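Count the sequence shown with the numbering used here and you get residues 38 to 245, in order. Glycine is no exception: its CB is placed at the ideal position from the N, C-alpha and C atoms. Bear in mind that the values here come from a model prediction, so they are computed numbers and not experimental data. Below is one structure, written out as structure tokens; comments come after it.
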Amino acid sequence: MYNARGFSRLVIDGSDWIFKIMYVHLLWIVFTVLGLGIFGVMPATAAVFSTIRKWLMKESDIAIFPYFLHIYRSTWKTSNIIGLVLFAMGSFIYVDLKVSQEFLKFAPIHFFLLLVLFIFIITCLFVFPALAHYELKPLQYLKQSLLLALAQPIYLLSILLWTLSAYVIYSYIPVLYIFMGATVFAFPIMWFSLRAFNKIELKKSQQA
């Protein structure tokens, strides 16, 4: 009887979490579309990471829609400024790499640009966790994200491995992305990032 009750509770809890994950992903799609895609994806993604952060902080009983809407609205300007800066930086790096590959063909310059690309990628990976965790000015999030990535290489490697794994999983099981992709992708990144944040904050408190 005890095992049956334990199994029933496990099924109920599991079903509840699956519903929450799918619901947040649906909200991400809806609010991205409401922002005409280009102006909606950044605040919608910020809302996904902030919601997951709440779950990881043991606040899983939050009212998801009001909280999601609040974060979407409150981060709309900041997240879109960050998005435009990242888009400009990414476009510039891409063009430089194409020019280097097609015309310059000078290995040291190409290697340097690949290094810049890597720095850009790791900065992007920490932007949304930082946006969910800190209150900073728009461009300070980019600086903070890069510093976090460099200061916590173990967590950075974990996030990179998860990103690669998610790409492989979604390639073989695309239906997973359709129904819960944004949340499933963001959850481990926020989990690793939160531990990186806590580790840095603990180190700062010990030094104070």
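Residue i and residue j closer than 8 Å at C-beta
{"i": "Phe86", "j": "Leu168", "result": "yes"}
{"i": "Ile119", "j": "Pro175", "result": "yes"}
{"i": "Gly72", "j": "Ala81", "result": "yes"}
{"i": "Ile196", "j": "Leu162", "result": "yes"}
{"i": "His62", "j": "Phe216", "result": "yes"}
{"i": "Ser242", "j": "Tyr192", "result": "no"}
{"i": "Leu150", "j": "Ser137", "result": "yes"}
{"i": "Ile101", "j": "Tyr60", "result": "yes"}
{"i": "Gln181", "j": "Leu173", "result": "yes"}
Distance between residue j and residue i (C-alpha atoms, nearest Å)
{"i": "Ser111", "j": "Gly77", "result": "13 Å"}
{"i": "Trp65", "j": "Ala219", "result": "7 Å"}
{"i": "Leu106", "j": "Lys114", "result": "14 Å"}
{"i": "Ile75", "j": "Gln244", "result": "42 Å"}
{"i": "Ser128", "j": "Ile156", "result": "14 Å"}
{"i": "Met94", "j": "Asn235", "result": "12 Å"}
{"i": "Thr88", "j": "Gly51", "result": "18 Å"}
{"i": "Ile210", "j": "Leu201", "result": "14 Å"}
{"i": "Glu238", "j": "Leu141", "result": "45 Å"}
{"i": "Ile159", "j": "Ile49", "result": "37 Å"}
{"i": "Leu152", "j": "Val221", "result": "29 Å"}
Neighbour-count burial assignment, residue i, 16 or more Cβ in a 10 Å radius
{"i": "Asn117", "result": "buried"}
{"i": "Tyr39", "result": "Only weak support is given to the placement of Tyr39: the predicted model assigns it a pLDDT of 47, under 50, and the value that follows is read from those uncertain coordinates. By the 10 Å Cβ count, Tyr39 comes out exposed."}
{"i": "Tyr171", "result": "exposed"}
For residue i, the three-state DSSP class (helix, strand or coil)
{"i": "Tyr204", "result": "helix"}
{"i": "Phe143", "result": "coil"}
{"i": "Tyr192", "result": "helix"}
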